[in-house]
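*Asks:* Have a look at this one.
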């Protein structure tokens, strides 16, 4: 059989040094790529969806469906690019999710939904403003539970401080759960209301009208902006609110007719750990972030922070995804190394030593070249890609044996 006189194989046959240099280059670039590839549990995949939520406090699910879902869904169902619409009506709110065709411009989609919802004029008067957001997927890194014999407010403060520190160090997202929403309770004295000829509706309108933080526009050429600031942050500010002013100039403040206090929503559940109040932080990563690097950031922060916390405050970490990723990578390395040794021994027993050597060398060369291609095409090291490489190693060995034997036969 004659060797080919042209083509890539013929070139490397005539210039074996070039083939060796290419192999070395593939290994070196593969090793460099290995340090830059993101490591995560599952491959990244986008979610082309937008969510519209409309709160309506106190409304039943039937009323929400009839007055909110029926008003919003027809105006957004047939927008460009929408593949599917799912609407959920429950007590106090409606949530409508729009799924878009793959590859559709989601910035344009978000603008279209905002314009369509802004044009709806039939929503209930006492419903809150619609909230529109693009659904973004985040992957779990780990969970952190903070517990101890402290008040709900104190635990919340600890959790917020830890969250802010982690975000400042490069963590993409930290959600806090386990504490109830803060509320300001106003308990009005009915006798004082009658004396002042006021009603609960009057008090409610006064609080709503003066508890606002709104833009008021621009002055002149637009260089100076004016904003009306009236949002209260605590019970002390709210109880100073003027609810009525007499002709004599006497002002009746909210504290004169009501007890104003800060509290937590009684209808929400609380989190307990070993019988003590607790707060949970869910630490997450965005797409294209390295899970192992972010896990190391969390580890370093906890090692630095734990000694500075009060002795009775406990921080426990669980659900660590980085450990699972490390286990899978170690499994691949162990299987690859043991397979390489086994294949090399078997090849040296049944094949020419030179062929056996080059077949064995083909395994790491192929893996390194794969790393280079993965980096160039935006892939990541994850459970799926690792499984694929494990499966492909067997194919590489089989092909290398066939090619090596054939080359040895031709050389003889």
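Numbering (this note's numbering), first residue to last: 358 to 769. By construction, the Cβ of each residue, glycine as well, lies at the ideal position given by its N, Cα and C atoms.
Go ahead and label residue 641 buried or exposed: buried means 16 or more other beta carbons lie within 10 angstroms of its beta carbon, across all protein chains shown.
*Replies:* Numbered from its first residue, the chain shown carries residue 641 at position 284. It is buried - the Cβ of residue 641 has at least 16 other Cβ atoms within 10 Å.
*Asks:* Buried or exposed: residue 604, going by 16 or more other Cβ atoms within 10 Å of its Cβ?
*Replies:* Here residue 604 is taken as the residue at index 247 of the chain shown, counted from 1. By the 10 Å Cβ count, residue 604 comes out exposed.
*Asks:* Reducing DSSP to helix, strand and coil, say where residue 455 ends up.
*Replies:* As a working note, residue 455 is residue 98 in the chain shown. Note: residue 455 maps to strand in three-state DSSP.
*Asks:* The alpha helix (DSSP H) spanning residue 472 covers which residue range?
*Replies:* Here the question's residue 472 lines up with position 115 in the chain shown. Note, residue 472: alpha helix (DSSP H), 463-475.
*Asks:* Report the CB separation of residue 737 from residue 394 in whole angstroms; it is logged as a contact under 8 Å.
*Replies:* Against the chain shown, residue 737 aligns to sequence position 380. Against the chain shown, residue 394 aligns to sequence position 37. At roughly 6 Å, the Cβ-Cβ gap stays under 8 Å, so residue 737 and residue 394 are in contact.
*Asks:* How should residue 748 be labelled, buried or exposed, when 16 other C-beta atoms within 10 angstroms of its C-beta is the threshold for buried?
*Replies:* Here the question's residue 748 lines up with position 391 in the chain shown. Answer is exposed; the Cβ neighbour count stays below 16.
*Asks:* Could you tell me how far apart the beta carbons of residue 433 and residue 473 are, in whole angstroms, since I believe they sit closer than 8 Å?
*Replies:* Your numbering for residue 433 matches position 76 in the chain shown. Your numbering for residue 473 matches position 116 in the chain shown. Going by Cβ atoms, the distance from residue 433 to residue 473 rounds to 5 Å, so yes, they are a contact pair.
*Asks:* Provide the residue(s) that pair with residue 542 in DSSP beta bridges, ordered along the chain.
*Replies:* Sequence index remark: in the chain shown, residue 542 carries index 185 (1-based). Paired residue(s): 618.
*Asks:* Distance, Cα to Cα, residue 410 vs residue 483?
*Replies:* Sequence index remark: in the chain shown, residue 410 carries index 53 (1-based). Sequence index remark: in the chain shown, residue 483 carries index 126 (1-based). Cα to Cα, residue 410 sits roughly 15 Å from residue 483.
*Asks:* Evaluate contact between the stretch 682-691 and the stretch 743-757, counting only Cβ atoms and requiring at least three cross-stretch pairs below 8 Å.
*Replies:* When C-beta atoms of the stretch 682-691 are compared with those of the stretch 743-757, three or more pairs fall below 8 Å, so the two segments count as touching.
*Asks:* Taking the straight line between their C-alpha atoms, what separation do you get for residue 454 and residue 428?
*Replies:* Locating residue 454 in the chain shown gives position 97, counting from the first residue. Locating residue 428 in the chain shown gives position 71, counting from the first residue. Approximately 15 Å between the Cα atoms of the pair.
*Asks:* Alpha carbons only, please: which of 682, 710, 726 and 492 is nearest the one belonging to residue 396?
*Replies:* Residue mapping note: residue 396 aligns to position 39 of the chain shown, counting from 1. With distances taken between Cα atoms, residue 396 lies closest to 682.
*Asks:* Helix, strand or coil for residue 419? Go by DSSP, reduced to three states.
*Replies:* Walking along the chain shown from the start, residue 419 turns up at place 62. Note: residue 419 maps to helix in three-state DSSP.
*Asks:* In the DSSP output, what is residue 485 paired with across the bridge?
*Replies:* Counting from 1 along the chain shown, the entry for residue 485 is found at position 128. DSSP lists no partner for residue 485.
*Asks:* With a threshold of 7 Å on Cβ separation, who are the neighbours of residue 468 within its own chain once the five nearest residues in sequence on each side are excluded?
*Replies:* Residue mapping note: residue 468 aligns to position 111 of the chain shown, counting from 1. So the list is empty, once near-sequence residues are dropped.
*Asks:* Please classify residue 637 as buried or exposed, where buried requires at least 16 other C-beta atoms within 10 Å of its C-beta.
*Replies:* For the purposes of this step, residue 637 is taken as residue 280 along the chain shown, with counting starting at 1. Answer is buried; the Cβ neighbour count reaches 16.
*Asks:* Drop a sphere of 10 angstroms on the beta-carbon of residue 768, count the other beta-carbons inside from all chains shown, and report buried for 16 or more, exposed for fewer.
*Replies:* To locate residue 768, count along the chain shown from 1; it is residue 411. So residue 768 ends up on the exposed side.
*Asks:* In three-state terms, what does DSSP make of residue 585?
*Replies:* Along the chain shown, one-based indexing puts residue 585 at 228. Confidence in residue 585 is poor, its pLDDT being 38 and thus under 50, which makes the residue's placement unreliable; the coordinate value appears in the next sentence. Of the three classes helix, strand and coil, the one that applies to residue 585 here is strand, per DSSP.
*Asks:* Kindly give me the distance between the Cβ atoms of residue 592 and residue 609, rounded to whole angstroms, as I take these residues to be in contact under 8 Å.
*Replies:* The count along the chain shown starts at 1 and reaches residue 592 at position 235. The count along the chain shown starts at 1 and reaches residue 609 at position 252. The Cβ separation is near 18 Å, so there is no contact.
*Asks:* When you compare each of 463, 553 and 419 to residue 489 by their alpha carbons, which one comes out closest?
*Replies:* Mapped onto the chain shown, residue 489 falls at position 132. Looking at the Cα atoms, 463 is the closest of the given residues.
*Asks:* Per DSSP, what kind of secondary structure is residue 678 in: helix, strand or coil?
*Replies:* By one-based count along the chain shown, residue 678 stands at place 321. Residue 678 falls in the helix class under three-state DSSP.
*Asks:* Which of helix, strand or coil does DSSP assign to residue 596?
*Replies:* Here the question's residue 596 lines up with position 239 in the chain shown. Reduced to three states, the DSSP call for residue 596 is coil.
*Asks:* Using a Cβ-Cβ cut-off of 8 Å, state whether residue 459 counts as contacting chain C.
*Replies:* Protein chains in the displayed structure number just one, and chain C is not present.
*Asks:* Measuring alpha carbon to alpha carbon, tell me which residue in 371, 696, 515 and 615 is nearest residue 547.
*Replies:* Residue mapping note: residue 547 aligns to position 190 of the chain shown, counting from 1. Measuring from the Cα of residue 547, the nearest candidate turns out to be 615.
*Asks:* Quick one: what's got a C-beta closer than 8 Å to residue 708's C-beta in the same chain, skipping five residues either side?
*Replies:* As a first step, residue 708 is located in the chain shown; it is residue number 351 there, counting from the start. The residues are 716, 758, 761 and 762.
*Asks:* Does the stretch 618-634 come close enough to the stretch 530-548 that 3 or more CB-CB pairs lie under 8 Å?
*Replies:* Contact holds: three or more Cβ-Cβ distances are below 8 Å.
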